[in-house]
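Residues in the sequence shown are numbered from 975 upward in steps of one, following my numbering.
Even for Gly, the Cβ is constructed at its ideal location relative to N, Cα and C.
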Amino acid sequence: MNLISIFDLSHAELEALIEKGEEQKRERKEGVRARNDLEGKTLALIFEKPSTRTRVSFEVAMRELGGNVISLNWNELQLGRGERIRETAKVLSAYVDAVMIRAYRHSTVEEFAKHASIPVINGLSDLEHPCQTLADLMTIKAQKKKLAGVKVAWVGDGNNVCNSLIGGAAITGMNMFVACPEGYEPAGEIVEKAKEMGCEVVIRNNAEEAAADADVLYTDVWVSMGEEEESEKRKKVLRNYQMNEDLVSVAKEDVIVMHCMPVHIGEEITEEVLSSANSVIFEQAENRLHAQKALLMKLLNY
Ligand code: CP
Ligand code: NVA
975 MNLISIFDLS HAELEALIEK GEEQKRERKE GVRARNDLEG KTLALIFEKP
1025 STRTRVSFEV AMRELGGNVI SLNWNELQLG RGERIRETAK VLSAYVDAVM
1075 IRAYRHSTVE EFAKHASIPV INGLSDLEHP CQTLADLMTI KAQKKKLAGV
1125 KVAWVGDGNN VCNSLIGGAA ITGMNMFVAC PEGYEPAGEI VEKAKEMGCE
1175 VVIRNNAEEA AADADVLYTD VWVSMGEEEE SEKRKKVLRN YQMNEDLVSV
1225 AKEDVIVMHC MPVHIGEEIT EEVLSSANSV IFEQAENRLH AQKALLMKLL
1275 NY
């Protein structure tokens, strides 16, 4: 089994992963040593672009579960000199037990999975970031004590993180309101799939309209990795989509503010909101570790 898209998981599988993540978090806090469930297993991490959270959380998760991990940068591999993905996938399948790949194009991750004979995890592509969604759902559930019926408002660029969150909402019964400028909407195919599953996905241009009465306010960078050339244009187009105190005030009083990180203070979020009592941003980052332990156990224990 792979995790390329959040839609690869059924409702039952997603719920089980969240529960397992909660268990892992509880046990780690109580000082219970994680069982060596993945002893003798090796995970390779391939990065075509930078990472702090994904890299460190996967490395620590694997080690704490008794397994081994190898982190590889694209340009250190022959991939950087033009070796094809398909041969790389076949060769690595003989050495390691699973691969996580962070790539510019979603098609790179799909191509890798197509030719690999081991589980492949999408560690972020231009289309999706399903591992982030696992941690986000775990965080929302902990804060709101439920997922179904929760109103999530996404404010800003309808990007990879937004796409996977829409999928997560569709699977778990949350409602998604997205506020973004024209041309910055989430992927049409994702929105369509979510709607087919009965999910309420409302897309607006006005941030306050989407954020009104929200239980969850979520934002992400205006310039994602790989979009640096459009940096100036994006900062102009997205400037009315900032997560600031005025915006937070239109949501429910107990709204939680989320961001997958890295944050760009003064762009998509203000310092005040980041450090406010509503912010659960560091809890989200921590939950990457616990949710990914659950994922690795599922994928590697076959
Ligand atoms: N949220 C997230 O994936 O962070 P990194 O880019 O640091 O891995
Ligand atoms: N949308 C951001 C997320 C970073 C974790 C990006 O793709 O750069």
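Which one of H1080, S1081, D1189, E1084 has the shortest CA to CA distance from W1128? Locating residue 1128 in the sequence shown gives position 154, where the first residue counts as 1. With distances taken between Cα atoms, W1128 lies closest to D1189.
CB of S1253 to nearest heavy atom of the ligand CP: below 6 angstroms? As a working note, residue 1253 is residue 279 in the sequence shown. Checking the Cβ of S1253 against the ligand CP gives no.
CA nearest to the CA of E1201, picked from E1166, R1079, H1264, E1170: For the purposes of this step, residue 1201 is taken as the residue at position 227 of the sequence shown. Cα-wise, what sits closest to E1201 is R1079.
So what does DSSP say about W1196, is it helix, strand or coil? The count along the sequence shown starts at 1 and reaches residue 1196 at position 222. Coil.
With 16 other CB atoms within 10 Å as the buried threshold, where does Q1052 fall? Reading the sequence shown from its first residue, position 78 is the one you call residue 1052. Exposed: under 16 other Cβ atoms inside 10 Å.
M1235: which of M1074, F981, D1194 sits nearest, CA to CA? Locating residue 1235 in the sequence shown gives position 261, where the first residue counts as 1. Comparing Cα positions, the closest option is D1194.
Do D1258 and M1232 have their C-beta atoms within less than 7 angstroms of each other? What you label residue 1258 is simply residue 284 of the sequence shown in a count that begins at 1. What you label residue 1232 is simply residue 258 of the sequence shown in a count that begins at 1. One point to set straight first is that residue 1258 is Gln, not Asp, in the sequence displayed. For Q1258 and M1232, yes; Cβs fall inside 7 angstroms.
Measuring only the C-alpha atoms, how far is D1100 from N1010? Within the sequence shown, numbered from 1, the residue matching residue 1100 stands at position 126. Within the sequence shown, numbered from 1, the residue matching residue 1010 stands at position 36. The straight-line gap from Cα to Cα measures roughly 34 angstroms.
What do you reckon, are the CB atoms on V1070 and A1018 nearer than 7 angstroms? Within the sequence shown, the letter at position 96 stands for residue 1070. Within the sequence shown, the letter at position 44 stands for residue 1018. Result yes, Cβ atoms of V1070 and A1018 sit closer than 7 angstroms.
Neighbourhood of K1015 by C-beta distance below 6 angstroms, restricted to the same chain and skipping five residues each side: Locating residue 1015 in the sequence shown gives position 41, counting from the first residue. The residues are G1041, D1071, L1274.
Taking the alpha carbon of V1135 as the reference point, which residue from L1269, L1111, I1059 has its own alpha carbon closest? Sequence index remark: in the sequence shown, residue 1135 carries index 161 (1-based). Taking only the C-alpha atoms, the option nearest V1135 is L1111.
Which ranges does the alpha helix (DSSP H) cover as unbroken runs of at least 4 residues, wholly within the region 1084-1153, from first to last along the chain? 1104-1118, 1134-1146
For P1104, count neighbouring Cβ atoms within 10 angstroms of its own Cβ and tell me buried if that reaches 16, exposed if not. Indexing the sequence shown from 1 puts residue 1104 at position 130. With 16 or more Cβ atoms within 10 Å of its Cβ, P1104 is classed as buried.
Identify whether V1190 lies in helix, strand or coil by the three-state DSSP scheme. The sequence position of residue 1190 within the sequence shown is 216, counting from 1. Note: V1190 maps to strand in three-state DSSP.
Going by the C-beta, is N1134 closer than 6 angstroms to any heavy atom of the ligand NVA? Here the question's residue 1134 lines up with position 160 in the sequence shown. N1134: yes, Cβ under 6 angstroms from the ligand NVA.
Bridge partner(s) assigned by DSSP for V1175: Residue mapping note: residue 1175 aligns to position 201 of the sequence shown, counting from 1. Bridge partners of V1175: M1150.
May I ask you to verify whether the region 1176-1191 touches the region 1143-1159, counting CB pairs closer than 8 angstroms and requiring at least 3? yes
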